[in-house]
Each structure stands twice: as structure tokens, then as C-alpha cells.
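> First, the structure itself, so that you have it in front of you.
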Amino acid sequence: MSTTSSRWLLLPAIALTAVVAVAGSDALIYEEFTSLRDWADLEFRNIDQPSKYSIERENDKSLLFIESDDGGSGIVHSRQFNVYQNPIIEWRWRIEDIISSGDLSTRDGDTYPVRIYVNFEYDPDLVGLGTRIRYGVIRRIYGEYPPHASLLYIWSNRTWQKKWYDSPFTSRARMLPIDQGAAERMQWKEHRRNMVEDYREAFGEDPPETAQLAIMGDAYGSGEISRAWIDFIRVGPATD
């Protein structure tokens, strides 16, 4: 049974405490994966086998290689950014194959060879009393607030009819199966999304202004091995 999605929102948002000061509209992430120095590991206590993250070279380019052997873990980027000043995220990825037992509608099937998280910093002014109390309890236990909410861009194992799906663990995480199925495995797919527009569409409200990126490979509970690569991730201002 995959518990990584729920753990992500319940554990302290370690990256949200690793602040890198960036001036206003100059805030920008351009990750070409020449190293992993700007990424911190995030492992889960109930999963014995974390995913492996390493740098590979292919045709004179650096790639992030992600391998999950019936396990899962994430890496979190060290930089926060203002999503209103830098709403655009672009990336290029590919997978070796899907996880055949995956099913984004169930907890047991919440496994993907690759997903990109946009974690939004908790803002108590944007939630009701019940949520403030719940997040306060989590902070007392773990020392930090979890993310306010998360967008997940995923490569799912088959075609899904809807655009956005709730995580099977929490309604504070919404998933977009932006690539679906095995037909394009081992082919590079490139995407460009507006995170502010996606958040409004997924949650029906404006996002908190501060966000941070994370990546996860997760085959936990599937009995399968998944492999994926990311060529680059860019975050920056909208351009005409």
C-alpha cells in the first residue's frame, strides 16, 4: 500500500525551511541536473527501500535518473519562489515504462515512475478554523507546518477522463495526469504549465504566493521497478 502521498503532506516541509533569498522578479529556477547539490532527500519511515536519484550523461547532456525498486522517496529543491512573479514551470521527462498496477483513484495504486510536486507554503489566513487546528497539531508533532496544498504533475499508467484528481490520501493535493499510458515510453515529453492558473482550476481559489518544487519516483507496494529521467526543470516569469 502506497502511503507516500499522505506522508508528503504530513511530514514537515523540510524544503520550505531552506530559504534561498532571491530578489523579486529575478526569482528563477533553471535546473539542468549537472549535480544534486540543490536538492535534499526526503525519505519515509515506513518505506525501507528509497528511490535512487543520480546524474547520468546522454549525448553530452546531464539528466536526472530516478529508479524505484518497489520503494519510494523524494527530493526537494532548496529554493522557494513567488508563484505570482514566476508562474511558469517547464520540464522535459521520459519513462522506461509505466507501473502496471498503478491506479490514481486508489491508495494502493498511488504509484508513478515520476511526478513533480509544486508545494505551496501554508498560509493560516487562507483556511478555516478546523484546518488551522489540524495544521497546528501537525506542527507541534513535527516542528513544521506541512504544505498548504500541492499540485502534482504525474505520468499515469493509463488514460484518465478527468483533468484533475484528488489524491486518494488528501484533498489538499490535486493530481494532473499530464502524460498517460505506455505508448510514448522512452520518448521525451516536454511540458509548460502556468502554476497559478492550474491551482485556481484545481482548487477553485487563489494559491498562496510561496511555493517549492519536489520530485518523486514511487513504486512502493507494486512489486515493480520503475525508471524515469528528467532533462530539465525551469521556473520563471510569464512571457508573451
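The opening residue of the sequence shown carries number 1178 in my numbering; numbering runs sequentially from there.
Ideal Cβ placement from N, Cα and C applies to all residues, glycine included.
Computed from a prediction, not measured in an experiment: that's the story for all the values here.
So, do the segment 1369-1382 and the segment 1239-1255 have three or more beta carbon pairs nearer to each other than 8 Å?
The segment 1369-1382 is not in contact with the segment 1239-1255.
> In whole angstroms, what separates the C-alpha of R1222 from that of G1249?
For the purposes of this step, residue 1222 is taken as the residue at position 45 of the sequence shown. For the purposes of this step, residue 1249 is taken as the residue at position 72 of the sequence shown. The alpha-carbon atoms of R1222 and G1249 are separated by roughly 11 Å.
> How would you label Q1364, buried or exposed, when you count the other beta carbons within 10 angstroms and need 16 or more for buried?
Taking the sequence shown and counting its residues from 1, one reaches residue 1364 at position 187. That one is exposed.
> CB I1276 to CB A1359, shorter than 8 Å?
Counting from one through the sequence shown, the residue named residue 1276 turns up at place 99. Counting from one through the sequence shown, the residue named residue 1359 turns up at place 182. No.
> Rounded to the nearest angstrom, how far is the Cβ of K1366 from that of R1292, given a contact under 8 Å?
Here residue 1366 refers to the residue found at position 189 when the sequence shown is read from its first residue. Here residue 1292 refers to the residue found at position 115 when the sequence shown is read from its first residue. Contact doesn't hold; Cβ gap of about 13 Å is too wide.
> Would you report the Cα separation of S1399 and I1410, rounded to the nearest angstrom?
Indexing the sequence shown from 1 puts residue 1399 at position 222. Indexing the sequence shown from 1 puts residue 1410 at position 233. Roughly 28 Å separates the two Cα atoms.
> Excluding the 5 residues preceding and the 5 following A1415 in the sequence, name in chain order all residues of the same chain whose CB lies nearer than 6 Å to its CB.
To locate residue 1415, count along the sequence shown from 1; it is residue 238. Excluding positions up to five away in sequence, the list reads P1264 and I1265.
> From the DSSP output, in three-state form, read off F1137 for me.
Missing from the structure shown is residue 1137; the chain here goes from 1178 to 1417 and no further.
> CA-CA distance, Q1262 and E1386?
Walking along the sequence shown from the start, residue 1262 turns up at place 85. Walking along the sequence shown from the start, residue 1386 turns up at place 209. Answer to the nearest angstrom: the Cα atoms are 9 Å apart.
> How about the segment 1292-1302 and the segment 1324-1334: do they share at least three Cβ pairs that are nearer than 8 Å?
Touching, yes.
> Can you give me the start and stop residues for the beta strand (DSSP E) that Y1376 sits inside?
Along the sequence shown, one-based indexing puts residue 1376 at 199. Run containing Y1376: none in the beta strand (DSSP E); it sits in the alpha helix (DSSP H), M1372 to F1380.
> Compare the beta carbon distance of E1233 and R1404 with 8 Å and say whether it is the shorter of the two.
Counting from one through the sequence shown, the residue named residue 1233 turns up at place 56. Counting from one through the sequence shown, the residue named residue 1404 turns up at place 227. Taking 8 Å as the Cβ cut-off, E1233 and R1404 do not qualify as a contacting pair.
> Need the endpoints of the beta strand (DSSP E) that H1254 sits in, please.
Along the sequence shown, one-based indexing puts residue 1254 at 77. Element bounds for H1254: G1249 to H1254.
> If you follow the beta strand (DSSP E) that Y1330 is in, where does it begin and where does it stop?
What you label residue 1330 is simply residue 153 of the sequence shown in a count that begins at 1. Here the beta strand (DSSP E) through Y1330 covers A1326 to S1333.
> Could I get the ranges of all uninterrupted beta strand (DSSP E) runs contained in the segment 1273-1318, with 3 residues as the minimum, in chain order?
DSSP runs (the beta strand (DSSP E)) wholly in the segment 1273-1318: 1289-1297.
> Start and end of the beta strand (DSSP E) containing S1212?
Here residue 1212 is taken as the residue at index 35 of the sequence shown, counted from 1. Counting along the chain, S1212 falls outside any beta strand (DSSP E), and DSSP gives it neither H nor E.
> Using alpha carbons as the reference points, say which of E1209, G1251, E1235 and L1205 lies closest to G1394.
Position 217 of the sequence shown holds residue 1394. Taking only the C-alpha atoms, the option nearest G1394 is G1251.
> Helix, strand or coil, according to DSSP, for G1413 in the structure here?
Looking up residue 1413 in the sequence shown gives position 236. G1413 falls in the strand class under three-state DSSP.
> On the CB-based measure, 16 or more other CB atoms within 10 Å of its CB, does V1196 come out buried or exposed?
Position 19 of the sequence shown, counted from the start, is the residue given in the question as residue 1196. Its pLDDT being 36, under 50, V1196 is placed unreliably in this model, and the value from its coordinates should be taken loosely. Its Cβ having fewer than 16 others within 10 Å, V1196 is exposed.
> On the DSSP bridge assignment, give the partners of M1363 in chain order.
What you label residue 1363 is simply residue 186 of the sequence shown in a count that begins at 1. M1363 pairs with nothing; no bridge assigned.
> Pick helix, strand or coil for R1369, following the three-state DSSP scheme.
Taking the first residue of the sequence shown as 1, we reach residue 1369 at position 192. In the structure shown, R1369 sits in a strand (DSSP, three-state: E or B).
> Reducing DSSP to helix, strand and coil, say where G1394 ends up.
Within the sequence shown, the letter at position 217 stands for residue 1394. Three-state result, G1394: strand.
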